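Q: One structure coming up, written as structure tokens, with questions to follow.
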Amino acid sequence: MKIKELRLFLEDRGLTCPGCQEKTDFVRIAFQNRDKKPLSQEGKRDIPNAPFWEVWRDNAKVACEGAVTKRGLDVAGQPQADICQAIAFVTESFFMQHGKRTASKLHKTADALLKTSYKNVYYDAGRVLLERLSNYCLASQSNQKICGSISELTTLLEGAKVADFGKWITNVGIENTNPMYEILDKRDDL
């Protein structure tokens with residue numbers, strides 16, 4: 536292996552070789568870390584065997600229940616249970632509509648969208664958007680009233696005022712990572 540290849544081997548595993556100048560230095564560090572898996576393989580998730588929209592419906596429900604728990608509220612209590620149910624239902628219908636449209640435009644399948652959406656940065660950005668939506672819905676009485684209504688929640692998602700899932704689905708389809716990093720950078724602004 537050349538030094539360039541050894542350096543790439545180390546970088547893939549999140550390692551550096553400070554002070555390495557000779558090839559033998561790089562080989563020694565690479566040999567010591569030969570059993571360490573590349574970062575891209577460590578972060579892989581099992582892709583559920585279900586349609587794109589059903590998987591993200593379940594993710595929305597989990598994110599909503601997590602937001603309820605963080606607030607110290609009862610997940611089974613009212614109106615939290617209704618809000619989480621509405622978020623899950625609207626997420627499923629929104630993802631079905633926009634997922635099918637995006638897949639059709641790009642000559643892909645919904646399964647391809649699902650596989651891409653479960654890659655590191657896409658998944659993390661999707662989770663941030665779901666958490667943002669859940670936190671918005673639980674923030675105040677008026678927001679809870681809006682999110683308790685399926686039609687108003689659908690309008691909220693279509694308007695992309697809280698979380699732009701349409702843009703996220705499109706960027707998952709075209710495999711554009713830049714907007715995902717922007718979403719992740721804004722997660723602290725919640």
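In our numbering, each residue carries its 1-based index in the sequence shown increased by 535. All C-beta atoms, glycine included, are put in the ideal place defined by N, C-alpha and C. Computed from a predicted model, the values in this text were never measured in an experiment.
Report whether the distance from the Cβ of Lys537 to the nearest heavy atom of the ligand HEM is below 8 Å.
A: The model on display carries no ligand, and the ligand HEM is accordingly not part of it.
Q: For Ile718, does the count of other Cβ atoms within 10 angstroms reach 16, so buried, or fall short, so exposed?
A: buried
Q: Among residues of its own chain, excluding the 5 on either side of Lys650, which ones have a beta-carbon nearer than 8 Å to its beta-carbon?
A: Ile582
Q: Reducing DSSP to helix, strand and coil, say where Leu641 ends up.
A: coil
Q: State the CB to CB distance for the pair Gly683 and Asp593, rounded to an integer number of angstroms; the pair is presumed to be in contact (CB under 8 Å).
A: Going by Cβ atoms, the distance from Gly683 to Asp593 rounds to 20 Å, so no, they are not a contact pair.
Q: Is the separation between the beta-carbon of Glu600 and that of Glu627 shorter than 9 Å?
A: no
Q: Closer than 6 Å by C-beta to Glu687: which residues in its own chain qualify, once you throw out the five before and the five after it? Chain order, please.
A: Ile681
Q: Which value, in whole angstroms, describes the spacing of the CA atoms of Leu541 and Leu673?
A: 50 Å
Q: Quick check on Gly554: does DSSP put it in helix, strand or coil?
A: In the structure shown, Gly554 sits in coil (DSSP, three-state: anything other than H, G, I, E or B).
Q: Checking 9 Å against the spacing of the C-beta atoms, do Thr712 and Val656 come in under that value?
A: yes
Q: Below 9 Å between beta carbons: does that hold for Leu665 and Ile709?
A: no
Q: In the structure shown, what three-state DSSP assignment does Gly634 receive?
A: Three-state DSSP puts Gly634 in a helix.
Q: Using the C-alpha atoms, what's the distance from Glu546 back to Arg667?
A: 33 Å
Q: Starting from Ser669, follow the alpha helix (DSSP H) in both directions and report where the run begins and ends.
A: Asn655 to Ala674
Q: Measure the beta-carbon distance from Ile538 to Gly634 and round it to whole angstroms, keeping in mind my assumption that it falls under 8 Å.
A: The pair is not a contact, with the Cβ atoms about 45 Å apart (cut-off 8 Å).
Q: Put Lys571 into one of helix, strand or coil per three-state DSSP.
A: coil
Q: Measure the Cβ-Cβ separation of Ala602 and Asn678 and say whether it is below 9 Å.
A: no
Q: For Leu692 versus Val597, is the C-beta spacing smaller than 9 Å?
A: no
Q: Tell me where the alpha helix (DSSP H) around Ile538 begins and ends.
A: Ile538 to Asp547
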